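Asker: Protein chains in written order, with my numbering: chain G, 9 to 387; chain V, 94 to 136. Glycine residues also receive a C-beta, built at the ideal position from the N, C-alpha and C atoms. Note that the structure is a prediction, hence the values are computed from the model and not measured. This structure is in structure tokens; I'll ask about it shortly.
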């Protein structure tokens with residue numbers, strides 16, 4: 009035994025001197041802190057944060073690395089990435105769980121609310137135009153889809169368009185979803201007057217038959233599939249999950265999809281996405297720009313929904329509270345709750361939860377359709 | 094990464110086509126939903 013036998017320890021310690029690794033540990037720590045302290049999307053940010061630390065340990069065996077003899081040693085997270093993200097499997101399976109969680113009842117009871125889901129996709133396309141000033145079309149489209157406020161859609165679109173910025177896009181998509189309660193209120197307040205925020209919208213629940221609830225996911229899949237065939241797997245898995253929920257004969261599968269399946273995939277999704285958070289890929293000026301453009305997308309989604317509602321009010325006798333337009337982004341159910349809380353803050357007797365949740369659910373459908381259209385444009 | 098401001102103008106048609114398409118598809122879904130409600134909801 010000689011000192012040279014311990015040279016690997018010295019080289020590992022010197023590798024730590026690279027500031028980029030330390031920076032990534034801080035970022036990972038920050039994500040874990042936000043998840044635990046502020047309860048921000050903890051199911052995703054915590055695995056993502058820990059994974060970020062894991063892949064940024066010098067010579068980490070968690071990801072593929074080239075050995076001194078030129079051989080490539082497979083890492084578990086890289087293997088998981090190939091098996092579950094590169095082929096879009098994890099986000100699609102997660103969509104089954106999300107579909108099983110969604111109650112389309114308020115939307116089916118008042119289908120006209122769906123129009124706000126469409127309006128709130130403005131940010132996706134506007135951000136795409138802004139991002140195209142800096143990035144090529146495929147990357148710009150993948151950055152724009154951060155505005156879908158829908159992690160699985162962002163993953164599928166950026167993956168299919170082969171974007172070089174998948175790590176940053178996924179982090180931005182999930183982080184901003186968690187930050188909806190901070191991002192949306194100032195934008196809504198800036199675009200509405202107090203009088204508008206006080207508008208009451210009495211809710212009368214119309215009965216929806218079980219057959220309608222069963223047919224709805226099937227019909228939506230067919231319509232969206234015909235219009236944007238590239239999105240059929242996204243919308244199809246979402247609606248499949250909802251069909252399991254509504255059919256009434258698969259209650260145990262529905263419960264499993266909502267809880268066990270969704271949780272299991274989420275664990276793997278977060279930590280697998282972290283494999284893209286390697287310092288050399290992540291710490292670039294482009295990443296900061298992508299994070300900025302992601303915020304831009306959320307702001308303009310919110311603005312699009314609110315301004316569209318204000319536009320409709322110009323023609324409507326029975327005015328609508330323009331704040332519900334902001335719930336058209338797909339961050340479900342945070343966005344609906346944010347709008348509801350804002351209405352209650354202005355007037356403790358103003359209950360617009362059912363309307364805002366209905367709009368929020370429609371945002372989920374509209375964002376998937378927007379993702380499908382983006383794929384149709386650029387694939 | 095290069096900065097090309099003209100791309101914003103050149104790609105604005107995607108904004109128009111994309112948003113109009115989303116509105117059309119959602120419009121169709123609204124109509125179908127209203128139809129489903131009319132046909133299958135007992136009075």
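Should residue 77 (chain G) go down as buried or exposed, given a rule of 16 or more other Cβ atoms within 10 Å for buried?
Answerer: With fewer than 16 Cβ atoms within 10 Å of its Cβ, residue 77 (chain G) is classed as exposed.
Asker: Chain V partners of residue 30 (chain G), CB-CB under 9 Å?
Answerer: Ordered by position in chain V, no residue passes the 9 Å Cβ test against residue 30 (chain G), which lies about 25 Å from the chain.
Asker: Roughly how many whole angstroms lie between the Cα atoms of residue 334 (chain G) and residue 314 (chain G)?
Answerer: Cα to Cα, the separation comes out at about 5 Å.
Asker: Can you tell me which of G:344, G:176 and G:278 puts its alpha carbon nearest to the alpha carbon of residue 297 (chain G)?
Answerer: Here the closest residue by C-alpha is G:176.
Asker: Within its chain, find whatever has a CB closer than 6 Å to the CB of residue 340 (chain G); leave out the 5 residues flanking it on each side and keep chain order.
Answerer: Around residue 340 (chain G): 368 and 372.
Asker: Please classify residue 99 (chain G): is it buried, with 16 or more other beta-carbons within 10 angstroms of its beta-carbon, or exposed?
Answerer: When all chains shown are included, residue 99 (chain G) counts as buried.
Asker: Which bits of chain V does residue 47 (chain G) rub up against, with CB to CB less than 7 Å?
Answerer: Residues of chain V passing the Cβ test: none, with the nearest at roughly 32 Å.
Asker: Residues bridged to residue 74 (chain G) by DSSP?
Answerer: Note: residue 74 (chain G) sits in a beta bridge opposite G:80.
Asker: By a C-beta neighbour count over all protein chains shown, 10 Å radius and 16 as the cutoff for buried, is residue 412 (chain G) buried or exposed?
Answerer: Residue 412 (chain G) cannot be examined here, being either before or after the span of chain G that is shown, 9 to 387.
Asker: Spatial neighbours of residue 258 (chain G) within its chain, please: CB distance less than 6 Å, with the 5 preceding and 5 following residues excluded, ordered by chain position.
Answerer: The answer, listed in chain order, is 252.
Asker: Can you give the Cα-Cα distance for residue 91 (chain G) and residue 97 (chain G), rounded to whole angstroms?
Answerer: Cα to Cα, residue 91 (chain G) sits roughly 8 Å from residue 97 (chain G).
Asker: With H, G and I counted as helix, E and B as strand and the rest as coil, what does DSSP make of residue 112 (chain G)?
Answerer: Three-state DSSP puts residue 112 (chain G) in coil, outside helix and strand.
Asker: What first and last residue would you give for the alpha helix (DSSP H) that runs through residue 309 (chain G)?
Answerer: 293-321 is the span of the alpha helix (DSSP H), which, as asked, contains residue 309 (chain G).
Asker: Please report whether the beta-carbon of residue 219 (chain G) lies at a distance below 7 Å from any beta-carbon of chain V.
Answerer: Chain V contact via Cβ: present.
Asker: Is the distance from the Cβ of residue 249 (chain G) to the Cβ of residue 107 (chain G) below 7 Å?
Answerer: Yes, the pair counts as a contact, with Cβ atoms nearer than the cut-off.
Asker: Do you know how far the Cα of residue 246 (chain G) is from the Cα of residue 223 (chain G)?
Answerer: Going by the C-alpha atoms only, they are around 14 Å apart.
Asker: Does the region 270-288 of chain G come close enough to the region 46-64 of chain G that 3 or more CB-CB pairs lie under 8 Å?
Answerer: Short answer: they touch.
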